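Since the structure comes first, as structure tokens, the remarks are kept for the end.
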Amino acid sequence: MKRTTFDFIVIGGGSAGSVVASRLSEDPGADVLLLEAGGSDRHPLYHLPAGFAKMTKGIGSWGWQTVPQRHMRNKVFRYTQAKVIGGGSAINAQIYTRGNAQDYDDWRQMGCDGWGYEDILPYFRKAEDNDSFENRYHGKGGPLGVSRPVAPLPICEAYFEAAAALGIPRNPDVNGERQDGVAYYQLTQRNGRRASAAMAYIAPNRGRRNLTVRTGTEARRLIIENGRATGVELTDGTRLRASGEVVLSAGAIGSPRLLQLSGIGPADHLSGLGIDVVLDCPAVGENLQDHLDLYCICELSGPYSYDRYARPHRAVIAGLQYLLTGKGPAASSLFETGGFWYADPDARSPDIQLHLGLGTGIEHGVAAMPQGGITLNACYLRPRSRGTVRLQSADPAKAPLIDPNYLQDAQDRARSIAGLRLTRRILAQPPLKPFIRAERLPGPDVQTDQDCFDFICAHSKTSHHCAGTCRMGADDTAVVDTRLRFNGIGGLRVADNSVMPTVISSNTNAAAMMIGEKAADMIREDHM
């Protein structure tokens, strides 16, 4: 018979939840349960770096989409949210970026004491086992493998030279002293394999008697008794009890969704769906932020990208090369080159992030070039637009209503178009001429801002960087306080990217693990 009572129940085995559960179980006196709605990560694609190309197309995902985006001609976006142990870190492009130092100092200035850059930097270092750096910014010996790319292509160097032609410098470490510039990204990989949060924090500790991991186990609602979270009810009706705390780490979409299913959220919305209101908390599901990803695609004049391995016989060759050497196309995250620069030259730090895709058609909905090509993505990093996560039904089997509200703010639209123009300028520079036959998307007919907006409405995607829906703060309207304790309900914390007051200026996976590390320390301080 399965146990039903634990000291701590962590809901969500993703980038933050895996960290929290692992760290709490370091105390042999603490019984920890980690619940993950998705399955195991046994499939080889979860460990093969290039497996990312399959991930946004449905593997290990809930299969959700956005509501029609009213500021983008009602475009509906596929909105990949991980449903597998390891969460986003098991299906992403493995890019390890932390944001800009000023992002965290801004949080502190908003009232989030303890979350400034100098406060959180030790947690990034604690997590890391970096194969290139050990200094003020980076650590070695942590659970998380962080590595330089093992399979770059010559066109990456040409990209750096093209950026230099526009005055954009090369930066050896965008997670170090400065973020500005183009770079080979550091990757969450170890020995040519994906280093997900599950592989880094859970797999090595499966033998701990006080750590229980249950995959394929979906929460129906939190159990709240006398103003305190005492456990969780599963979709099969099973009830599990937590004598210490319930830690919600289901992500920026999953956490507000489960709270609302539990009767915690905007009272009018919940009542309208027939859900009994446990706590009227209007901010749950508000403040959704995401980076809108735009892209320029060029056809190449030769076999200079990994597109040539899309054909079955070449894919077999790539697989054999990986098995024998640990290198080659299968060892590439496909987006291991990029950087940070400015749409607004007066911005306080880079406000555009670039990702160079060593192929085309890599992500869902992005066009492929039959003769081979490359993709240069750009996203505006500090959007003003704010969206929501709401329920469409009290039935947990129904997808939530996800509304990033892309481009609601005029500045977001202008800066995004500037980012798109930057990708086209880089790809048009002389150092890339020997590689590129022609720009195919947006193409020569797209020139004016209106043309660019028309193109964006047809060709754009999420960057998978959603955040902010259970906002942390010191004010009464915040969902959680600065120790991530839920305001108004005892015994409940939220620890994932939903607590970010503002989305950071980069990919968000590394920050999720940092939040998990810091949350675990705070929980231990309060209980152990």
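Sequential numbering from 59 applies to the sequence shown in the numbering used here.
A virtual CB, placed ideally from N, CA and C, is assigned to each residue, including glycine.
Here the structure is a predicted model, which means the values were calculated and not measured.
Next on the checklist: Rounded to the nearest angstrom, what separates D453 and G548 at their Cα positions?
Outcome noted: What you label residue 453 is simply residue 395 of the sequence shown in a count that begins at 1. What you label residue 548 is simply residue 490 of the sequence shown in a count that begins at 1. Approximately 26 Å, taken between the alpha carbons.
Checklist entry - When the distance is taken between beta carbons, is H522 closer than 8 Å to Y438? => result Residue 438 sits at position 380 when you count from the first residue of the sequence shown. Residue 522 sits at position 464 when you count from the first residue of the sequence shown. Cβ atoms of Y438 and H522: not closer than 8 Å.
Checklist entry - Given a threshold of 16 other Cβ atoms within 10 Å of its Cβ, counted over all protein chains shown, does T62 qualify as buried or as exposed? => result The residue labelled residue 62 in the question sits at position 4 within the sequence shown. Classification for T62: exposed.
Next on the checklist: Please classify L382 as buried or exposed, where buried requires at least 16 other C-beta atoms within 10 Å of its C-beta.
Outcome noted: Residue mapping note: residue 382 aligns to position 324 of the sequence shown, counting from 1. So L382 ends up on the exposed side.
Next on the checklist: Taking the beta carbon of K141 as the centre, do at least 16 other beta carbons fall within 10 Å, making it buried, or is it exposed?
Outcome noted: Walking along the sequence shown from the start, residue 141 turns up at place 83. Answer is buried; the Cβ neighbour count reaches 16.
Checklist entry - Where does the unbroken alpha helix (DSSP H) through F182 begin, and where does it stop? => result If you number the sequence shown from 1, residue 182 lands on position 124. Segment Y175 to A185, the alpha helix (DSSP H) holding F182.
Item to check | Contacts around E94, its chain only, beta-carbon distance under 6 Å, and the 5 residues preceding and following it disregarded | outcome: Counted from its first residue, the sequence shown places residue 94 at position 36. Closer than 6 Å at the Cβ level, and outside the excluded window around E94, lie G71, I143 and T273.
Next on the checklist: Given this structure, state the Cα-to-Cα distance separating D579 from A308, to the nearest angstrom.
Outcome noted: Position 521 of the sequence shown, counting from 1, holds the residue named residue 579. Position 250 of the sequence shown, counting from 1, holds the residue named residue 308. Each residue's alpha carbon lies about 19 Å from the other.
Checklist entry - How big is the Cα-Cα spacing for A401 and R264? => result For the purposes of this step, residue 401 is taken as residue 343 along the sequence shown, with counting starting at 1. For the purposes of this step, residue 264 is taken as residue 206 along the sequence shown, with counting starting at 1. Between A401 and R264, the C-alpha separation is close to 46 Å.
Checklist entry - Using CA coordinates, which residue listed in I153, R541, P230 and P107 is at the minimum distance from L249? => result By 1-based counting over the sequence shown, the position of residue 249 is 191. Here residue 249 is Asn; the residue named in the question, Leu, does not match the sequence. Measuring from the Cα of N249, the nearest candidate turns out to be P107.
Checklist entry - Counting along the chain, where does the alpha helix (DSSP H) carrying G312 start and finish? => result Stepping through the sequence shown from its first residue, residue 312 is reached at position 254. Run containing G312: G309 to L319, per the alpha helix (DSSP H) assignment.
Checklist entry - Do C170 and A532 come within 8 Å of each other at the CB atom, strictly closer than that value? => result As a first step, residue 532 must be located in the sequence shown, where it is residue number 474. As a first step, residue 170 must be located in the sequence shown, where it is residue number 112. Yes.
Next on the checklist: Taking 6 Å as the limit between beta carbons, can you name the residues of its chain near R471, skipping five residues before and five after?
Outcome noted: Taking the sequence shown and counting its residues from 1, the one referred to as residue 471 is at position 413. Cβ within range, chain order: L465.
Item to check | CA-to-CA distance, M168 to D177, given in whole angstroms | outcome: Here residue 177 is taken as the residue at index 119 of the sequence shown, counted from 1. Here residue 168 is taken as the residue at index 110 of the sequence shown, counted from 1. Rounded to whole angstroms, D177 to M168 spans 15 Å at the Cα level.
Checklist entry - Closest by CA to R299, which one among D65, T246 and A241? => result By one-based count along the sequence shown, residue 299 stands at place 241. For R299, the nearest C-alpha among the options comes from D65.
Checklist entry - With a Cβ-Cβ cutoff of 8 Å, do R266 and S83 count as a contact? => result Translated into positions along the sequence shown, residue 266 becomes position 208. Translated into positions along the sequence shown, residue 83 becomes position 25. Result yes, Cβ atoms of R266 and S83 sit closer than 8 Å.
Next on the checklist: Can you tell me where the beta strand (DSSP E) holding S521 begins and where it ends?
Outcome noted: Stepping through the sequence shown from its first residue, residue 521 is reached at position 463. First-last for S521: undefined, no H or E at that position.
Next on the checklist: Can you list, in chain order, the residues of its chain with a C-beta nearer than 6 Å to that of A220? Leave out the 5 residues immediately preceding and following it.
Outcome noted: Indexing the sequence shown from 1 puts residue 220 at position 162. Excluding residues within five positions, the ones whose Cβ falls inside 6 Å are I484, Q487, P489 and L490.
Next on the checklist: Starting from E215, trace the alpha helix (DSSP H) in both directions and tell me its first and last residue.
Outcome noted: Locating residue 215 in the sequence shown gives position 157, counting from the first residue. Segment P212 to A223, the alpha helix (DSSP H) holding E215.
Checklist entry - Measuring CA to CA, which of L550, L378, N188 and G121 is closest to V204? => result As a working note, residue 204 is residue 146 in the sequence shown. Considering only alpha carbons, the answer is N188.
Item to check | Cβ shell of T270 (< 6 Å), same chain only, five flanking positions each side left out | outcome: On the sequence shown, residue 270 is found 212 positions in, with the first residue counted as 1. Cβ neighbours of T270 beyond the five flanking positions: L91.
Next on the checklist: Less than 8 Å between the C-beta atoms of G396 and L416, yes or no?
Outcome noted: Residue 396 sits at position 338 when you count from the first residue of the sequence shown. Residue 416 sits at position 358 when you count from the first residue of the sequence shown. No, they are not a contact pair.
Next on the checklist: Does L382 come out as helix, strand or coil in the three-state DSSP assignment?
Outcome noted: As a position in the sequence shown, residue 382 is number 324, starting the count at 1. In this structure, L382 counts as helix in the three-state DSSP scheme.
Item to check | Coarse secondary structure for C510, derived from DSSP in three states | outcome: Here residue 510 refers to the residue found at position 452 of the sequence shown. Three-state DSSP puts C510 in a helix.
Checklist entry - Of the choices R543, I562, G377 and A570, whose alpha-carbon is the least far from that of N555? => result Working through the sequence shown from its first residue, we reach residue 555 at position 497. Out of R543, I562, G377 and A570, A570 has the C-alpha closest to the C-alpha of N555.
Next on the checklist: According to DSSP, simplified to helix, strand and coil, what is Y353?
Outcome noted: As a working mapping, residue 353 is identified with position 295 in the sequence shown. Three-state DSSP puts Y353 in a strand.
Checklist entry - Among R551, L459 and V552, which one has its Cα closest to the Cα of Y137? => result In the sequence shown, the residue the question calls residue 137 occupies position 79. Closest by alpha carbon: L459.
Item to check | Alpha-carbon spacing of Q411 relative to T566, whole angstroms | outcome: Indexing the sequence shown from 1 puts residue 411 at position 353. Indexing the sequence shown from 1 puts residue 566 at position 508. Distance between the alpha carbons of Q411 and T566 is about 12 Å.
Item to check | C-beta atoms of A373 and A209 nearer than 8 Å | outcome: In the sequence shown, residue 373 corresponds to position 315, counting from 1. In the sequence shown, residue 209 corresponds to position 151, counting from 1. Contact flag unset, no.
Checklist entry - By the 10 Å Cβ neighbour count, where 16 or more other Cβ atoms means buried, how is P126 classified, buried or exposed? => result The residue you call residue 126 lines up with position 68 of the sequence shown. Exposed is the call here.
Checklist entry - In the segment 451 to 510, which residue ranges form an unbroken alpha helix (DSSP H) of at least 4 residues, counting only runs that do not cross its ends? => result 468 to 485
Next on the checklist: Once the 5 residues before and after V336 are set aside, which same chain residues still bring their CB inside 6 Å of it?
Outcome noted: Within the sequence shown, numbered from 1, the residue matching residue 336 stands at position 278. Once the five neighbours on either side are set aside, the close Cβ partners of V336 are I282, G321 and I322.
Next on the checklist: Can you tell me whether E235 is buried or exposed? The criterion is at least 16 other CB atoms within 10 Å of its CB, across all chains shown.
Outcome noted: Position 177 of the sequence shown, counting from 1, holds the residue named residue 235. So E235 ends up on the exposed side.
Item to check | Helix, strand or coil at V290 [DSSP, three-state] | outcome: Here residue 290 refers to the residue found at position 232 of the sequence shown. V290 falls in the strand class under three-state DSSP.
Item to check | Among K184, G96, D161 and A185, the one whose alpha carbon lies nearest that of Y175 | outcome: Here residue 175 is taken as the residue at index 117 of the sequence shown, counted from 1. Answer by Cα proximity: D161.
Next on the checklist: What would DSSP say about C170, mapped onto helix, strand or coil?
Outcome noted: Indexing the sequence shown from 1 puts residue 170 at position 112. It is coil, neither helix nor strand.
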